[in-house]
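Chemist: Numbering (the numbering used here), first residue to last: 2 to 258.
The beta-carbon is built from N, C-alpha and C at its ideal position, and this holds for glycine as well.
Note that this is a predicted model, so its numbers are computed, not measured.
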Ligand SMILES: NC(=O)c1ccc[n+]([C@@H]2O[C@H](COP(=O)([O-])OP(=O)(O)OC[C@H]3O[C@@H](n4cnc5c(N)ncnc54)[C@H](OP(=O)(O)O)[C@@H]3O)[C@@H](O)[C@H]2O)c1
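(1) Among all the DSSP beta bridges, which residues are the ones paired with residue 150?
(2) Taking the C-alpha atoms as reference points, what is the distance between residue 72 and residue 234?
(3) Between residue 47 and ligand 1, is the CB less than 7 Å from at least one heavy atom?
(4) Straight-line CA distance for residue 19 to residue 210?
(5) Are the stretch 87-101 and the stretch 49-60 touching by the rule of at least three beta carbon pairs closer than 8 Å?
(6) Just checking my contact of residue 96 with residue 238 at CB under 8 Å: how many whole Å lie between their CB atoms?
(7) Given 7 Å as the limit, tell me if residue 205 has its C-beta closer than that to any heavy atom belonging to ligand 1.
(8) Measure the C-alpha to C-alpha separation of residue 133 and residue 84 and round it to an integer number of angstroms.
(9) Would you kindly work out how many angstroms separate the C-alpha atoms of residue 190 and residue 222, rounded to a whole number?
(10) Using a Cβ-Cβ cut-off of 6 Å (strictly less than) and excluding sequence neighbours within five positions of residue 253, which residues of its own chain qualify?
(11) Would you kindly check if the distance between the Cβ of residue 88 and the Cβ of residue 135 is under 8 Å?
(12) Taking 7 Å as the cut-off, is the C-beta of residue 43 nearer than that to any heavy atom in ligand 1?
(13) Classify residue 81 as buried or exposed, calling it buried when 16 or more other Cβ atoms lie within 10 Å of its own Cβ.
(14) Short of 6 Å in beta carbon distance, which residues of its chain neighbour residue 43, apart from the five on each side in sequence? Order them along the chain.
(15) If you measure between the beta carbons of residue 35 and residue 64, is that distance less than 8 Å?
(16) Indicate, with yes or no, if ligand 1 has a heavy atom lying under 7 Å from the CB of residue 220.
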């Protein structure tokens, strides 16, 4: 039996931070088959620019290929349009990396709750539901929900856990706790059909989530390299974390709920 030429992976919020780094790790991975990464972003201009920059960055080391498409997780039509594109062009999806997030710490409570829940919970759930039929057509499908240790109620109750010491972060934390539950329900309902679902904390890494100034991208110089998160995601797709399906994993283990 011949192997498929590429494993098809779709990443939401791929134009920066963890999504961009994961695109880079997958497009240069020395696995067989290699990856075709569908980088999506809510701004087509931004994701197209990110794809062009990445192609230049990896020109000597690329093993896989990239496509850039517009997808706003809060816009059902854009999610459906991309699912239609994947169906027509590939017929299936091997991995969904549900990565896009809003890290709002708006001073208004209701505003930040709405922003975080619309994108991080409702948007992610809609994306998972829309792409699931395509994942179930893969012989080895993965559904990865990029979450956070900040969504662990146990960890959150331990003093001194937050290296960034950020205020107004209850909306973000609550959205990630809710995301973990939605992920768990997908695992419960679909793992018997062969779908490997897990939530993954990328760790505290340099990104635009907290803001775009240098200090917010890397508070106190303590944030790590998002490439490490991409490598953890590659490990999941290589089957190294299959025993952790249904859990909230990080690079070295599993977080408590
Ligand atoms: N960085 C960390 O320390 C850290 C720690 C734990 C968990 N995480 C998680 O890692 C994931 C990636 O975040 P990041 O740190 O890489 O932050 P980031 O650089 O801000 O990336 C987030 C991405 O999501 C996109 N996005 C926001 N709203 C969207 C929407 N409605 N539809 C589609 N895309 C949207 C952003 O697009 P725009 O560029 O257009 O805004 C951006 O591409 C998130 O799930 C985050 O919660 C990060």
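Modeler: Considering the structure as presented:
(1) DSSP output for residue 150 lists no bridge partner at all.
(2) 21 Å
(3) yes
(4) 10 Å
(5) no
(6) 6 Å
(7) Yes; taking the cut-off as 7 Å, the Cβ of residue 205 has a heavy atom of ligand 1 nearer than that.
(8) 10 Å
(9) 41 Å
(10) none
(11) yes
(12) yes
(13) exposed
(14) 73
(15) yes
(16) no
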